[in-house]
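Engineer:
2 protein chains.
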Amino acid sequence: MVTTKDIAIKLGFSVSTIGRALSGDPRISEKTKLAVRAAAEELGYVGNMAARMMRGGSSNLIGLILPDIQNDFFASIAQALSQSCDRQGYRIVLSITGDDPETEMRHIHDFVGARVAGIILVPSADMKRESIALLRQVQHVQLLRYASGPDDLWFGIDDGDAMERATNHLLDLGHRRIAYVAASDRLSTGRRRLRGVQEAYRKRDLPLSDLSVFLDTPTATWGERAINEMLSIADHPTAILSGSAHVTMGMIASLRRAKVDIPGQMSVIGFGDPNWCEWWQPPITVIRPPIQSLATSCALWFMDRLRTPEDRLVSSYHATSSSELVLRDSTGRPARS
Amino acid sequence: MVTTKDIAIKLGFSVSTIGRALSGDPRISEKTKLAVRAAAEELGYVGNMAARMMRGGSSNLIGLILPDIQNDFFASIAQALSQSCDRQGYRIVLSITGDDPETEMRHIHDFVGARVAGIILVPSADMKRESIALLRQVQHVQLLRYASGPDDLWFGIDDGDAMERATNHLLDLGHRRIAYVAASDRLSTGRRRLRGVQEAYRKRDLPLSDLSVFLDTPTATWGERAINEMLSIADHPTAILSGSAHVTMGMIASLRRAKVDIPGQMSVIGFGDPNWCEWWQPPITVIRPPIQSLATSCALWFMDRLRTPEDRLVSSYHATSSSELVLRDSTGRPARS
DNA sequence: TTCATTTGAGCAATCGATAGCACAAACATG
DNA sequence: CATGTTTGTGCTATCGATTGCTCAAATGAA
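Next comes the structure, spelled out in C-alpha cells:
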C-alpha cells in the first residue's frame with residue numbers, strides 16, 4: 074500500500090514535506106503542494122487512519138450496538154444514525170448482539186480496542202458488569218433502553234406516555250375492557266409501556282381488572298396465541314393494544330382468521346409503524362415512535378459531545394422524544410353489548 | 074487509556090516482557106505471566122488495535138456496503154454477515170449509501186484508509202470509476218448486484234431462474250396473461266428477473282404480448298398504481314408476479330380495495346418473503362431468495378480468502394444460490410372466462 | 001571450581017503520520 | 001558588505017505493540 078514515504082522517494086522530498094503538503098501547511102510552497110498532490114493522486118495514496126490515530130488520539134469510528142438489525146425499529150435507527158454521522162465524517166462500526174450479553178461484551182471490548190471515538194448502544198436485556206466497566210473507558214450514550222450504567226446518558230421515547238395516550242383514546246371511544254399484548258416487562262421499555270396503560274386506568278379510577286394483560290415475547294406467534302386465548306374469554310375485551318409491531322401482526326392475523334371485524338367488533342392499536350400497517354385493510358391505527366428524529370438528535374448531540382473538552386462534559390443527560398398517535402381505520406366505538 | 078507501558082511501570086518489567094506475557098510467549102515464566110495478567114485485568118487494559126495493526130498489517134475490520142439497511146433484504150444480509158464474521162473475530166464497519174455513488178465512493182475511500190481487511194458490497198446502481206479504482210487496493214467481493222469491476226468476485230441469487238420457475242408455476246396452473254410489476258431494469262438483478270419471466274414464455278412458445286410488464290420503482294405506491302392501471306384493462310391478466318416485497322404490498326392492498334379475490338379472481342406471487350407475507354390473509358405465495366445462506370457462505374468464503382496468500386488467490390469466482398418457491402394460498406387456477 | 005547451556009528479560013528498531021525544532025538559502029535593510 | 005528576517009525543508013521524536021537480537025543470571029555437568 075502506498076505511503077507518504079513512497080511519494081517522498083518519488084519526488085525527492087522528505088516525508089515531513091509530503092505530510093505538510095497534503096495537510097495544506099502554509100509553510101509549503103504552492104508549487105510543491107501541487108506536485109505532491111499530483112503524485113499522491115497518481116500513486117493512489119490513501120492515508121493510514123491507524124497511524125494518524127496513534128499520534129493524534131481518537132478515530133473517526135463510532136460503535137453502534139443493536140440487539141437486532143432486522144427489526145424495523147433498530148434498522149431505522151441504524152439508517153438515521155449512519156446518515157447523521159456520515160455528514161460529520163464519522164463511520165459506524167456495527168455490532169449486532171442478538172440480545173446476548175456475552176456477544177455484547179466481546180463487541181464492546183473490541184470497540185475499546187479499536188479506540189472508537191464513542192459508542193451508541195441499545196443495551197441488551199441483561200447487560201454484564203464487565204460491559205459497564207468497559208464502557209466507562211469510552212464516551213457512550215444509551216438509546217431506547219436504559220440500563221443504569223456508569224454514566225447516565227440516555228435518549229429514549231415516551232413509552233409510557235404514548236401508551237397512556239393510546240389507552241385514553243380507546244377509553245374515550247367508550248371501551249372499558251381492553252387487552253394489552255406485549256413482550257415481557259423484563260426490559261425498561263416494556264415496563265414503562267405497561268405502566269402507561271395502567272396509568273390511564275388509574276387516572277380515571279377505572280378498575281385494573283378490566284385490563285387484560287398478556288405478556289410473553291415480542292413475536293407474531295405470541296400476538297396470535299394471545300388473541301386466540303383472549304377471544305375464548307366469555308366477555309372478552311372490545312379493544313386491544315399491542316406493545317410491538319410483530320405482536321400487532323399476529324394479533325390482526327388471528328382476528329381475521331376468527332372473522333372478527335375490525336373495527337366493528339374489535340378496535341386495534343399497534344405499537345410501531347412498519348410499512349404494512351398503513352397498507353393493511355383496514356389500515357391500522359398505531360403509535361408511531363419518533364425513531365428517526367430520536368436517532369438523529371442523539372447522533373448530533375453525541376458528536377457534539379465528542380468534541381467537548383473533558384472538563385465541560387455533563388455527567389447526566391436524559392432526553393425523551395414524543396410518539397405520535399396515528400389514527401387510521403382500525404379503531405372505533407365498541408359494539409353495543 | 075492504559076497501555077502496556079503502564080503495566081510495565083507498575084510491575085517493574087519492560088514493555089517487551091508485558092507484550093510477550095500477554096501474548097503467551099513461551100519464553101516468559103508462568104509466574105510473570107500471571108502477575109502481568111492480573112495487573113492488566115486490574116488496570117482495565119485493552120490492547121490498541123491501531124498500534125497492533127500498524128506493525129502487523131491488516132485489521133480485523135470488514136467493510137460492509139449496503140444501499141439501504143431498512144430494506145428487509147439487506148438487513149438479513151447484515152445480520153447473517155455480522156454473525157459469521159463475529160465468529161471468526163472480524164468486526165463489521167457499516168456503510169449505508171442510499172444508492173448514492175458519491176457516498177459510496179467516500180465510504181470506500183475511508184475503508185481503505187482504515188485499512189479494513191476486506192470489503193463486502195452490494196454496489197450502487199451507478200458505481201463510479203474512482204470507486205472501482207479504490208476497491209482495487211483491497212480484497213473485496215460483490216453481493217447480489219454485479220457491477221463488473223477490477224475483479225470478478227460475486228455471490229448472487231438465481232434471480233432469473235427463480236422468476237422463470239414462478240412464471241412456470243402460474244403457466245402450469247393455466248394462466249396465460251400475466252402481469253409482472255417491478256422496479257426498473259437499471260440494476261443487473263432487475264434485468265435478470267425480467268429476463269427470467271420472459272424466458273418462461275419463450276420456452277413454451279407463448280406470445281410475449283400476453284405478458285404485461287410494469288416497471289418503475291420498488292415501492293408499494295408503484296405496486297398499487299400499477300395494479301390499478303392493470304385492472305382497468307378490459308381483458309386484464311389473471312395473475313401477477315412481483316419483483317420486490319414493497320411492490321407486493323402495494324399490489325395486494327390495491328387488489329383488496331378493488332375487492333378482487335385472491336386467488337379466486339387473481340393469483341399473486343411475491344418476490345422476497347418478509348414476515349407479513351406469511352401472516353397476510355390469504356398467506357402470499359412468494360419466491361424466497363436464500364439471503365441468509367447466501368450471506369453466510371459469502372462471509373465464510375471471503376474470510377477464508379483473506380487468509381489465503383496473495384499468489385494463490387483466484388481472480389474470478391461466481392456463485393449463485395437458489396431461491397425457493399414457497400407455495401401458500403395466493404395462487405390458484407384462473408377463473409373460467 | 002569452571003565452563004557450557006538453558007532460562008528469563010531488556011534494548012532497540014519497526015510500522016506511518018505528524019509536529020517541534022533546527023537549519024540553509026534567499027532576501028531585505030543598515 | 002555585514003547582519004537580520006523570511007521562506008522552504010529536513011531531522012528526529014512520538015504514539016503503542018511487536019520482534020530480532022543481545023545479554024545476564026541461573027542451572028547443570030565435568
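These protein sequence lines are chains A and B, in that order. First residue of the first sequence? That's 74 in my numbering, and the numbers climb one at a time after it. First residue of the second sequence? That's 74 in my numbering, and the numbers climb one at a time after it. C-beta: ideal position from N, C-alpha, C; glycine also. Note that the structure is predicted; figures quoted are calculated from it, not measured.
For the beta strand (DSSP E) containing B/W227, list its first residue and its last residue.
Structural biologist: As a first step, residue 227 of chain B must be located in the second sequence, where it is residue number 154. First-last of the beta strand (DSSP E) with B/W227: 225-230.
Engineer: 8 Å is my cut-off, CB to CB: does B/L243 come that close to chain A?
Structural biologist: Within the second sequence, numbered from 1, the residue matching residue 243 of chain B stands at position 170. Chain A places no beta carbon closer than 8 Å to that of B/L243, leaving this residue out of the contacts.
Engineer: Going by Cα to Cα distance, which pick from B/I135, B/D141, B/S204, B/G130 is closest to A/V166?
Structural biologist: Within the first sequence, residue 166 of chain A is the residue found at index 93, counting from 1. When only C-alpha atoms are compared, the closest one is B/I135.
Engineer: Starting from A/S366, trace the alpha helix (DSSP H) in both directions and tell me its first and last residue.
Structural biologist: As a working mapping, residue 366 of chain A is identified with position 293 in the first sequence. Segment 364-380, the alpha helix (DSSP H) holding A/S366.
Engineer: Taking the alpha carbon of A/R101 as the reference point, which residue from A/K276, A/S89, A/A111 has its own alpha carbon closest?
Structural biologist: For this step, residue 101 of chain A is matched to residue 28 along the first sequence. In the sequence under discussion, the amino acid at residue 101 of chain A is Ile, which differs from the Arg named in the question. Looking only at A/K276, A/S89, A/A111, the smallest Cα-Cα distance to A/I101 is reached by A/S89.
Engineer: Using a C-beta to C-beta distance shorter than 7 Å, which residues of chain A count as neighbours of B/A293?
Structural biologist: In the second sequence, the residue the question calls residue 293 of chain B occupies position 220. Here the neighbours are N348, W352.
Engineer: Report the residue from A/I360, A/A108, A/R128, A/R264 whose alpha carbon sits nearest the alpha carbon of A/S395.
Structural biologist: For the purposes of this step, residue 395 of chain A is taken as residue 322 along the first sequence, with counting starting at 1. The shortest C-alpha separation from A/S395 is found at A/I360.
Engineer: Quick check on B/R164 - is its C-beta less than 8 Å from some C-beta in chain A?
Structural biologist: The residue given as residue 164 of chain B occupies position 91 in the second sequence. Yes, its Cβ sits closer than 8 Å to a Cβ of chain A.
Engineer: Can you check whether the CB of B/S257 is closer than 8 Å to the CB of B/D289?
Structural biologist: Counting from 1 along the second sequence, the entry for residue 289 of chain B is found at position 216. Counting from 1 along the second sequence, the entry for residue 257 of chain B is found at position 184. Their beta carbons are under 8 Å apart, which means B/D289 touches B/S257 by this criterion.
Engineer: Could you check whether the segment 104-116 of chain A touches the segment 78-93 of chain A, counting it as contact only if at least three pairs of C-beta atoms, one from each stretch, sit closer than 8 Å?
Structural biologist: yes
Engineer: Per DSSP, A/S197 forms a beta bridge with which residues?
Structural biologist: If you number the first sequence from 1, residue 197 of chain A lands on position 124. Per DSSP, none; premise fails for A/S197.
Engineer: Could you please tell me which residues of the segment 96-128 of chain B, in chain order, have their CB closer than 8 Å to any CB of chain A?
Structural biologist: G117, V119, G120, N121, M122, A123, A124, M126, M127
Engineer: Find the nearest neighbour of A/A206 within the set A/V214, A/A187, A/I181, A/W227, judged by alpha-carbon distance.
Structural biologist: Position 133 of the first sequence, counting from 1, holds the residue named residue 206 of chain A. Of the candidates A/V214, A/A187, A/I181, A/W227, the one whose C-alpha sits nearest the C-alpha of A/A206 is A/I181.
Engineer: Residues bridged to A/E397 by DSSP?
Structural biologist: On the first sequence, position 324 is the one that residue 397 of chain A refers to. DSSP lists A/R361 as partners of A/E397.
Engineer: Could you tell me which residues DSSP puts in a beta bridge with B/I138?
Structural biologist: The residue given as residue 138 of chain B occupies position 65 in the second sequence. The partner list for B/I138 (beta bridge, DSSP) reads B/S168, B/L194.
Engineer: Should A/M122 go down as buried or exposed, given a rule of 16 or more other Cβ atoms within 10 Å for buried?
Structural biologist: As a working note, residue 122 of chain A is residue 49 in the first sequence. It is buried - the Cβ of A/M122 has at least 16 other Cβ atoms within 10 Å.
Engineer: Is the Cβ of A/M56 closer than 8 Å to any Cβ of chain B?
Structural biologist: Any answer about residue 56 of chain A is impossible in this case: the structure gives chain A only from 74 up to 410.
Engineer: Indicate whether B/L194 and B/T262 have their beta-carbon atoms separated by less than 8 Å.
Structural biologist: The residue labelled residue 194 of chain B in the question sits at position 121 within the second sequence. The residue labelled residue 262 of chain B in the question sits at position 189 within the second sequence. The answer is no: Cβ separation not under 8 Å.
Engineer: Can you list, in chain order, the residues of its chain whose CB lies under 8 Å from that of A/S370, leaving out five sequence neighbours each side?
Structural biologist: Numbered from 1 along the first sequence, position 297 holds the residue referred to as residue 370 of chain A. Here A/S370 has F228, A392, S394 as same chain residues with Cβ atoms under 8 Å from its own Cβ, once five neighbours each way along the sequence are excluded.
Engineer: According to a CB-to-CB cut-off of less than 8 Å, which residues of the segment 131-153 of chain A neighbour chain B?
Structural biologist: S132, N133, L134, L137, D141, I142, Q143, D145, A148, S149, A151, Q152
Engineer: Under three-state DSSP, which class holds A/L328?
Structural biologist: The count along the first sequence starts at 1 and reaches residue 328 of chain A at position 255. Three-state DSSP puts A/L328 in a helix.
Engineer: Check this for me: beta carbons of A/Q269 and A/E297, under 8 Å apart or not?
Structural biologist: To locate residue 269 of chain A, count along the first sequence from 1; it is residue 196. To locate residue 297 of chain A, count along the first sequence from 1; it is residue 224. Looking at the sequence provided, one finds Gly at residue 269 of chain A rather than Gln. No; because the gap between Cβ atoms is not below 8 Å, this pair is not in contact.
Engineer: Can you find the residues in the same chain that come closer than 8 Å, C-beta to C-beta, to B/L116, ignoring five residues on each side of it along the sequence?
Structural biologist: Here residue 116 of chain B refers to the residue found at position 43 of the second sequence. If you ignore the 5 residues before and after B/L116, its C-beta comes within less than 8 Å of the C-beta of V75, D79, I80, K83, all in its own chain and listed in chain order.
Engineer: Within the continuous beta strand (DSSP E) that includes B/L314, where are the two ends?
Structural biologist: Taking the first residue of the second sequence as 1, we reach residue 314 of chain B at position 241. Here the beta strand (DSSP E) through B/L314 covers 312-315.
Engineer: Can you check whether the C-beta of A/H213 is within less than 8 Å of a C-beta belonging to chain B?
Structural biologist: On the first sequence, position 140 is the one that residue 213 of chain A refers to. No, because no Cβ of chain B sits closer than 8 Å to the Cβ of A/H213.
Engineer: Which residues in the same chain have their Cβ closer than 6 Å to the Cβ of A/A235, if we skip the five residues on either side of it in sequence?
Structural biologist: If you number the first sequence from 1, residue 235 of chain A lands on position 162. Excluding positions up to five away in sequence, the list reads I360, S396.
Engineer: Whose Cβ in chain A lies nearer than 8 Å to the Cβ of B/T176?
Structural biologist: To locate residue 176 of chain B, count along the second sequence from 1; it is residue 103. Within 8 Å Cβ-Cβ: D159.
Engineer: Determine the DSSP secondary structure at B/L216, reduced to helix, strand or coil.
Structural biologist: As a position in the second sequence, residue 216 of chain B is number 143, starting the count at 1. DSSP, reduced to helix, strand and coil, places B/L216 within a strand of the structure shown.
Engineer: Is B/L246 near B/T404, with beta carbons less than 8 Å apart?
Structural biologist: Your numbering for residue 246 of chain B matches position 173 in the second sequence. Your numbering for residue 404 of chain B matches position 331 in the second sequence. Yes, the pair counts as a contact, with Cβ atoms nearer than the cut-off.
Engineer: Given this structure, state the Cα-to-Cα distance separating A/F146 from A/G345, to the nearest angstrom.
Structural biologist: The residue given as residue 146 of chain A occupies position 73 in the first sequence. The residue given as residue 345 of chain A occupies position 272 in the first sequence. For A/F146 and A/G345, the distance between alpha carbons rounds to 8 Å.
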